[in-house]
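Structure first, then comments.
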Amino acid sequence: MNTNNPADTPATPPVNKPDTTADSSHSAATPAAAPAAVSAETQAALASTAHAPNSPGATHIRSFVHRRGHITQGQLAALERLMGEWSIPYAPRRLDPAAAFGREAPTVLEIGFGMGETTEKIALARPGDNFLGVEVFNAGVGSLLRRIEDSSIPNLRIIQHDAVEVVRDMIAPDSLAGVHVYFPDPWPKKRHHKRRLLQPAFVSLLASRIAPGGYIHCATDWEDYAVQMLEVLSGEPLLANTVDGYAPRPDYRPLTKFETRGLRLGHGVWDLIFKRVA
Ligand SMILES: C[S@@+](CC[C@H](N)C(=O)[O-])C[C@H]1O[C@@H](n2cnc3c(N)ncnc32)[C@H](O)[C@@H]1O
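Per the working numbering, the very first residue in the sequence shown carries number 598; after that it's consecutive.
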């Protein structure tokens with residue numbers, strides 16, 4: 598057994614139990630609000646996607662914890678109304694992007710879109726590409742559904758599920774034009790580093806899903822995670838760095854509000870852009 602493979606790694610902590618010790622510093626959800634009422638259909642849809650405790654491969658260490666996050670009425674209403682229109686349910690079988698988007702176009706996967714500000718801007722700025730956003734938190738999914746409707750974004754679809762399983766089960770090898778992973782949860786405590794998303798086994802899986810010539814673009818504001826990313830991406834034989842070390846932020850990635858504030862305070866942000874080799 599390859600214990601580096603996320604699908605094989607044993608001993609998952611309970612996924613539905615709030616982990617009050619976790620410091621995923623700017624996670625999209627705020628803990629401890631009263632659970633909002635949702636219809637039975639929405640409840641069932643969310644249970645079968647975000648929580649999925651019994652989905653195949655639920656044995657790897659999750660890069661997120663489930664919390665009953667605060668959700669606004671608007672986000673809840675968007676979940677109720679728009680999930681069926683813009684989201685694709687997780688299923689352990691390959692996705693047909695042409696059918697999902699209603700057209701053939703390069704597909705870019707974004708992992709952990711949070712509240713979806715960046716996702717919205719990039720999808721609007723690059724109308725020729727299809728964007729598939731994967732996120733687990735209800736508030737974030739509700740927020741991006743609202744953006745899709747408010748800004749009439751035709752080239753964006755959402756899967757609410759653990760990205761490790763989505764990539765493993767739904768994305769065909771050599772198929773993605775790009776992958777975006779912006780500000781993944783940093784898990785700053787050493788004992789939580791095992792929860793960081795960008796580990797060798799997952800990067801290897803991701804690289805196998807990118808088409809030759811396609812790219813993976815990561816960004817973080819945690820220096821030691823940036824160092825880890827550079828090491829892991831550089832160590833993956835299917836990937837080659839597009840520059841020497843960290844890349845300048847490309848124009849298509851907008852500055853987030855949080856990032857603007859951080860930069861003003863002198864905090865660093867590191868972008869990494871690697872290409873899939875043939
Ligand atoms: C720190 S937030 C960053 C959000 C956004 N990318 C940004 O730049 O503001 C990280 C997000 O990744 C999501 N996430 C973490 N692990 C995930 C996984 N395995 N699958 C899907 N989403 C995940 C979390 O729910 C959270 O919303």
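Just so you know, even glycine gets a beta-carbon here, dropped at the ideal spot from N, CA and C.
Fill in: Under the three-state DSSP convention, the category residue 715 falls into
Look at residue 715 here: in three-state DSSP terms it is helix.
Practice prompt. Just grab the DSSP bridge partners of residue 757 for me.
Written response: Answer is 732.
Fill in: For residue 684: DSSP bridge partner residues
Paired residues: 755.
Item to complete: Output the distance between the C-alpha atoms of residue 733 and residue 762, rounded to the nearest integer angstrom.
Response: Rounded to whole angstroms, residue 733 to residue 762 spans 12 Å at the Cα level.
Fill in: First and last residue of the uninterrupted beta strand (DSSP E) at residue 811
That run of the beta strand (DSSP E) goes 807-817.
Practice prompt. Measure the alpha-carbon distance for residue 791 versus residue 798 and round it to whole angstroms.
Written response: When rounded, the separation of the alpha-carbon atoms in residue 791 and residue 798 is 12 Å.
Worksheet item: Based on Cα-Cα distance, which residue from 677, 870 and 859 lies nearest to residue 847?
Response: Measuring from the Cα of residue 847, the nearest candidate turns out to be 870.
Worksheet item: Where DSSP assigns a beta bridge to residue 868, which residues make up the other side?
Response: Answer by DSSP bridge pairing, in chain order: 816 and 844.
Practice prompt. Give a single yes or no on whether residue 774 has its beta carbon closer than 7 Å to a heavy atom of ligand 1.
Written response: Flag unset: Cβ of residue 774 not near ligand 1.
Worksheet item: residue 836 lies in the alpha helix (DSSP H); which residues open and close that run?
Response: Run containing residue 836: none in the alpha helix (DSSP H); it sits in the beta strand (DSSP E), 836-838.
Worksheet item: Can you give the Cα-Cα distance for residue 612 and residue 759, rounded to whole angstroms?
Response: At residue 612 the pLDDT is 29, less than 50, meaning the model places this residue with poor confidence; the figure from the coordinates comes in the next sentence. Roughly 11 Å between the two C-alpha positions.
Worksheet item: Can residue 833 be considered in contact with ligand 1, in the sense that its beta carbon sits closer than 7 Å to one or more heavy atoms?
Response: Flag unset: Cβ of residue 833 not near ligand 1.
Worksheet item: Which of the three DSSP states, helix, strand or coil, is assigned to residue 695?
Response: Note: residue 695 maps to helix in three-state DSSP.
Practice prompt. Please work out which residues of its chain come closer than 7 Å, Cβ to Cβ, to residue 832, disregarding the five sequence neighbours upstream and downstream, and give them in chain order.
Written response: Within the same chain, residue 832 has close Cβ partners 797.
Worksheet item: Per DSSP, which one or two residues make a beta bridge with residue 700?
Response: The beta-bridge partner set that DSSP reports for residue 700 is empty.
Practice prompt. Below 8 Å on the Cβ atoms is my guess for residue 705 versus residue 775; work out the distance and round it to an integer in Å.
Written response: That belief holds up - the Cβ atoms of residue 705 and residue 775 are roughly 4 Å apart, short of 8 Å.
Practice prompt. Identify whether residue 722 lies in helix, strand or coil by the three-state DSSP scheme.
Written response: Of the three classes helix, strand and coil, the one that applies to residue 722 here is helix, per DSSP.
Discussion item. With a threshold of 7 Å (Cβ to nearest heavy atom), would residue 794 be considered close to ligand 1?
Written reply: Indeed, a heavy atom of ligand 1 lies less than 7 Å from the Cβ.
Worksheet item: Within 7 Å: the Cβ of residue 693 and any heavy atom of ligand 1?
Response: With a cut-off of 7 Å, the C-beta of residue 693 is classified as distant from ligand 1, since no heavy atom of the ligand falls inside that distance.
Discussion item. I'd like the span of the beta strand (DSSP E) that includes residue 773, first residue to last.
Written reply: For residue 773, the uninterrupted beta strand (DSSP E) run begins and ends at 773-779, by DSSP.
Worksheet item: Is there at least one non-hydrogen atom of ligand 1 closer than 7 Å to the beta-carbon of residue 660?
Response: Yes, the Cβ of residue 660 comes within 7 Å of a heavy atom of ligand 1.
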